[in-house]
Amino acid sequence: MSKVEENDKPKESLNFIEQIIVEHNENGRFGGQVHTRFPPEPNGYLHIGHAKAICVNFGIAEKFGGKTNLRFDDTNPATESSEYVESIKKDVRWLGFDWEEREYYASDYFQTLYEYAVTLIQKGLAYVDFTSAEEMDRQKRAEEASEYRSRSIEENLAEFEKMKAGEYEEGICVLRAKIDMSHPNRLMRDPIIYRVKNMAHHRTGDAWNIYPMYDMAHGQSDSIEGITHSLCSLEFLPHRDLYEWLTKNLGIHEPQQLEFSRLNLNYTITSKRKLKQLVEEGHVSGWDDPRMPTLSGMRRRGYPPMAIRNFIEKVGVSKREQFIDLSLLEFCVREELNKVATRALCVLDPLKVVIENLPEGHCEDMQVVNNPELEDSPMHSMPFTKEIYIERGDFMIDPPKKFFRLGPGRCVRLKGAYIIECTGYETDAQGEVTEVRCRFIENSKSGEDTSGVKAKGTLHWVSIEHAVPVEVRKYDRLFATEAPGKASGNFLDDINPKSLEIIETAYAEPFLKEAKQGEAFQFMRIGYFTLDADSTAEKPCFNQTSPLRDNWGKKKPKGGGQQKKKGGQQKNKKKQN
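Here UniProt numbering is used: the first residue of the sequence shown is 1, the next is one more, and so on.
Structural data, given as C-alpha cells:
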C-alpha cells in the first residue's frame, strides 16, 4: 500500500500527476508500483528549473513509497563531461535526495539501443538517409518523402553497419524512423534516431561512432530500467507520440510519459546556452557565481536547500505554463534563514565612536543570543570597549525628526549593550564626520536596564580593538528587467550593473573568524550572509544571501512576505534586530 493510500489523502488535494498514479494503483497498472527517474544531460550545471524536476520526480515517488533513478542522458559526446556529472550529483544530494545506488547512464545501454535500431530496420520501420539537413527540413515542411525512404531492409542494414564502423563522416547520413511524412506532429515525420559523431565519449571512449538521438535513448532507457511514470516538462509534450511509438513498435515495456509546466522565473534566464555565454564572456565569475540561477551558485550564495524545496512546493505542479515572481523564492529563503541563522554584528561603513566615560583598557563581555527564534538558543559574548565602530549612516549632525538613530544630544541603544548619548563629534576639513563622542548611561545594560532613559533606536556596533576585518560581497539580481532581452532582443543588455558590490574591509565581531562554509548568519539590520570559498584565515569573505526584506517588490509575494512600515523599519520583527 502506498504512503498516499495509508494516509487516505483525498483525491482533490492531490496534483494531477498524483491523481493519475492513484487511478493506476486502483486499476492495477504497473502492478501498483511507482518508479520515476531524473534524467539530466551532463552538458552544464543544474539550475533552479532543474530543481523543480528533481523535487517532482523524487518527491512523488517518495509519496507513493516508490523509488527514483538518477540517469544521465549522456548521448552527445560533443557537449558532455564528467565534470558536469559530478556537479549534478552534488546538487541532487545538496537538495536532500538520495538515489540509493540507482545511478545509471544512457551510455550503459548503447549496445541495447543499437540492437533496437537494428530491430526497427528489420521491421521496415527505419532507414539510412543521405539527404542534407536543409533538404530534409524542406521535405518535412512540404510533407515529401525522401528518395532513400524506399530502400530495402538489406541496404539499410548494410549502410547502418557502415555508419557504426566509422566509414562516414558526421553530417553525411543519419538513421531515420519510418513513420508518417504527413503526420500533424512534425516530430513524427520520419525523425532522426541515430547520427554519426566521430569523437570519444566521456565514459565509452572510442567504442562508438554512432550515437542515439534523445528520443531514441530516452524512452528506451526508461523501459530498460522499468520506469513506470516518465515525468517531464511541457516542452516534451510533442515528443510523447514518438516516445509511445518507439516502445510500442519495439515491443518493450511501455512507461507513461506525463508532462508538467516548467519553472519560469522573472528576472531570470535558465537557458543553458545563455548561462554558458555569461560564463565564457566573463559577465559572471563562473557557473557558481552567487548571482547565477544555478544550484551551485545558490549554494555558494547561501540559499538553504530546504528553502528551494519549500519554494517548489508553493509553486505546485500543474499543466499550465506560468511565470513565478522571483520575490517568492527570495521570501522562502529569508523565511528559512530566519529560523536557522546565527545573529552577528558587522559594520560595513565604519564611523569611530569614543565612549568618554569608560576608562582606558575597559573591556566588558556582552551577551548576544544566537537566534531568538529558537527556544533555549545559546548565547555568545562580544567585547564592549571604550572605542567602537557604528555605521556611518547611523549618525547625522542635524537629523530630521523621524531619524531614530544617533545625533548630537540623542540617545540610542547599542545592540546587547548600553544606551549611549552623543556629547559631540569631530569633522575634517571637508566637513566629513571623523569621530563621534558619547557617554554610556549607567544601569542601562540590555536586559538589566533600570536607568529610565528611553532610546528610540537600536544600533549594531563592534569593538575597534577586537573587530575582525572581513570582505563583504553584496549581491543583487543579475538582471534589471523582468524578462531579460525581451525589449532589445539581447539578454546581455539587461544585466544589472549594480548586481555586485564589494566592500573590501568591513568589521565583524570576533567569533565570525571561526565561521565555516555552509553556516548561515544574520548580520543584524543588514541581511543574511554566508562564508565564501574565497575566504582566507587572515580575511574571511562573506556573501550576502539576502537582505532582511524584499527591496524589489512593493507587494508581498503570494504565500507570505515581510511588510514594511513608515520609516523603513520591519513590522513586528524585533527579534530579528
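A virtual CB, placed ideally from N, CA and C, is assigned to each residue, including glycine. Note that the structure is a prediction, hence the values are computed from the model and not measured.
Practice task
Could you spell out the range, first to last residue, of the beta strand (DSSP E) harbouring Arg547?
Solution key: As a working mapping, residue 547 is identified with position 547 in the sequence shown. In the sequence under discussion, the amino acid at residue 547 is Pro, which differs from the Arg named in the question. That run of the beta strand (DSSP E) goes Cys541 to Pro547.
Handout entry: For Gly424, the first and last residue of its enclosing beta strand (DSSP E)
Key = As a working note, residue 424 is residue 424 in the sequence shown. Residues Ile419 to Thr427.
Practice task
Could you check which residue in Ala142, Asn43 and Asn198 has the C-alpha nearest to that of Ser271?
Solution key: On the sequence shown, residue 271 is found 271 positions in, with the first residue counted as 1. Ser271 has its Cα closest to that of Asn43, out of Ala142, Asn43 and Asn198.
Exercise for the section: Identify, in the order they occur along the chain, each residue of the same chain with its Cβ nearer than 6 Å to the Cβ of Lys555, setting aside the five sequence neighbours on each side. Expected result: By 1-based counting over the sequence shown, the position of residue 555 is 555. Bear in mind that the predicted position of Lys555 carries a pLDDT of just 43, short of 50, making it unreliable; the figure below should be weighed with that in mind. Excluding sequence neighbours, Lys555 sits near nothing in its chain.
Practice task
Would you give the residue range spanned by the beta strand (DSSP E) that Ser230 belongs to?
Solution key: Position 230 of the sequence shown, counted from the start, is the residue given in the question as residue 230. Per DSSP, Ser230 belongs to the beta strand (DSSP E) from His229 to Ser233.
Handout entry: Close-in-space but distant-in-sequence residues of the same chain around Lys274 (CB under 8 Å, 5 per side omitted)
Key = In the sequence shown, the residue the question calls residue 274 occupies position 274. The answer, listed in chain order, is Phe491.
Problem - Inter-residue spacing [alpha-carbon to alpha-carbon] between Pro77 and Gly316 - result: Your numbering for residue 77 matches position 77 in the sequence shown. Your numbering for residue 316 matches position 316 in the sequence shown. If I take the Cα positions, the gap works out to 35 Å.
Exercise for the section: Just tell me which of Ile390, Gly407 and Ala506 has its CA closest to the CA of Met396. Expected result: Along the sequence shown, one-based indexing puts residue 396 at 396. That would be Gly407, whose Cα lies nearest to the Cα of Met396.
Exercise for the section: Check Pro557 in the structure and name its three-state DSSP category. Expected result: On the sequence shown, residue 557 is found 557 positions in, with the first residue counted as 1. For Pro557, the predicted model reports a pLDDT of 40, less than 50, meaning its position is unreliable; a value from the coordinates is still stated below. Looking at Pro557 - three-state DSSP - the assignment turns out to be coil, as it is neither helix nor strand.
Exercise for the section: Look up Met163 in the DSSP assignment and give the residues it is bridged to. Expected result: Your numbering for residue 163 matches position 163 in the sequence shown. BP columns for Met163 are empty, so no partner.
Problem - Counted within 10 angstroms of its Cβ, other Cβ atoms place Ala61 as buried (16 or more) or exposed - result: If you number the sequence shown from 1, residue 61 lands on position 61. Looking at its Cβ environment, which holds 16 or more other Cβ atoms inside 10 Å, Ala61 is buried.
Handout entry: Rounded C-alpha distance that separates Arg343 from Phe529
Key = Locating residue 343 in the sequence shown gives position 343, counting from the first residue. Locating residue 529 in the sequence shown gives position 529, counting from the first residue. Distance between the alpha carbons of Arg343 and Phe529 is about 10 Å.
Practice task
Return the residue from the list His283, Trp461, Gly485 and Phe58 that minimises the CA-CA distance to Ile526.
Solution key: Taking the sequence shown and counting its residues from 1, the one referred to as residue 526 is at position 526. That would be Trp461, whose Cα lies nearest to the Cα of Ile526.
Problem - Nearest-angstrom Cα separation, counted from Val284 out to Leu295 - result: Here residue 295 refers to the residue found at position 295 of the sequence shown. Here residue 284 refers to the residue found at position 284 of the sequence shown. One C-alpha to the other measures close to 15 Å.
Problem - Residue(s) in a DSSP beta bridge with His239 - result: Taking the sequence shown and counting its residues from 1, the one referred to as residue 239 is at position 239. Paired residues: none, contrary to the question.
Practice task
Determine the DSSP secondary structure at Ile20, reduced to helix, strand or coil.
Solution key: Translated into positions along the sequence shown, residue 20 becomes position 20. In this structure, Ile20 counts as helix in the three-state DSSP scheme.
Handout entry: Between the CA atoms of Pro469 and Tyr389 - distance to the nearest angstrom
Key = Locating residue 389 in the sequence shown gives position 389, counting from the first residue. Locating residue 469 in the sequence shown gives position 469, counting from the first residue. Cα-Cα distance, rounded: 12 Å.
Exercise for the section: Can you tell me which of Ile88, Ser82 and Ala533 puts its alpha carbon nearest to the alpha carbon of Arg300? Expected result: Mapped onto the sequence shown, residue 300 falls at position 300. That would be Ala533, whose Cα lies nearest to the Cα of Arg300.
Problem - Start-end ranges of the beta strand (DSSP E) lying completely within the segment 29-61, minimum 3 residues - result: 35-38
Problem - Beta-carbon proximity check, Pro39 vs His202, cutoff 8 Å - result: Locating residue 39 in the sequence shown gives position 39, where the first residue counts as 1. Locating residue 202 in the sequence shown gives position 202, where the first residue counts as 1. For Pro39 and His202, no; Cβs fall outside 8 Å.
Exercise for the section: Taking Lys248 and Arg189 to be in contact with their CB atoms under 8 Å, please state how far apart those CB atoms are, rounded to whole angstroms. Expected result: On the sequence shown, position 248 is the one that residue 248 refers to. On the sequence shown, position 189 is the one that residue 189 refers to. Contact flag wrong, Cβ pair sits at about 18 Å.
Practice task
Could you pull out every residue in the same chain whose Cβ sits closer than 7 Å to the Cβ of Lys67, ignoring the five residues on either side in sequence?
Solution key: If you number the sequence shown from 1, residue 67 lands on position 67. Excluding residues within five positions, the ones whose Cβ falls inside 7 Å are His35, Ala61 and Arg102.
Exercise for the section: Could you tell me if Arg334 is buried or exposed, where buried requires 16 or more neighbouring beta carbons within 10 angstroms of its beta carbon? Expected result: Position 334 of the sequence shown, counted from the start, is the residue given in the question as residue 334. So Arg334 counts as buried.
Practice task
Go ahead and pull the three-state DSSP assignment for Gly409.
Solution key: Working through the sequence shown from its first residue, we reach residue 409 at position 409. Coil.
Practice task
Keeping to the same chain, check which residues put their C-beta closer than 6 Å to that of Ile502; ignore five residues upstream and five downstream.
Solution key: By 1-based counting over the sequence shown, the position of residue 502 is 502. Arg473, listed in sequence order.
Problem - Of the listed residues Leu414, Lys339 and Asp325, nearest to Gln367 (C-alpha basis) - result: Here residue 367 refers to the residue found at position 367 when the sequence shown is read from its first residue. Nearest of Leu414, Lys339 and Asp325 to Gln367, Cα basis: Leu414.
Practice task
Please name the residue in Glu169, Glu465, Glu155 and Ile419 whose C-alpha comes closest to that of Gly452.
Solution key: Numbered from 1 along the sequence shown, position 452 holds the residue referred to as residue 452. Of Glu169, Glu465, Glu155 and Ile419, the residue nearest in Cα terms is Ile419.
Practice task
Assess, as a yes-or-no matter, whether the segment 278-293 is touched by the segment 225-235 under the definition of 3 or more beta carbon pairs within less than 8 Å.
Solution key: no
Practice task
Have a look at Phe511 and Pro304 and give me their C-alpha separation to the nearest angstrom.
Solution key: Taking the sequence shown and counting its residues from 1, the one referred to as residue 511 is at position 511. Taking the sequence shown and counting its residues from 1, the one referred to as residue 304 is at position 304. Those two C-alpha atoms are separated by around 22 Å.
Problem - Three-state class that DSSP yields for Ala533 in the structure shown - result: One-based indexing of the sequence shown puts residue 533 at position 533. Of the three classes helix, strand and coil, the one that applies to Ala533 here is coil, per DSSP.
Handout entry: Residue burial classification, Gly431 (beta-carbon count within 10 angstroms, cutoff 16)
Key = As a working mapping, residue 431 is identified with position 431 in the sequence shown. Per the 10 Å Cβ criterion, exposed.
Handout entry: 8 Å Cβ cutoff, Ile502 in contact with chain C
Key = As a matter of chain content, chain C is missing from the structure shown, which is built from one protein chain.
Practice task
Please report how far the alpha carbon of Leu125 lies from the alpha carbon of Arg29, in whole angstroms.
Solution key: On the sequence shown, position 125 is the one that residue 125 refers to. On the sequence shown, position 29 is the one that residue 29 refers to. So the alpha carbons of these two residues sit roughly 28 Å apart.
Handout entry: Contact the segment 305-315 vs the segment 327-341: 3+ CB pairs below 8 Å
Key = yes
Problem - Three-state secondary structure assigned by DSSP to His380 - result: Here residue 380 is taken as the residue at index 380 of the sequence shown, counted from 1. Correct three-state label for His380: strand.
Practice task
Using the Cα positions of Tyr243 and Leu187, report the straight-line distance between them to the nearest angstrom.
Solution key: As a first step, residue 243 is located in the sequence shown; it is residue number 243 there, counting from the start. As a first step, residue 187 is located in the sequence shown; it is residue number 187 there, counting from the start. The straight-line gap from Cα to Cα measures roughly 11 Å.
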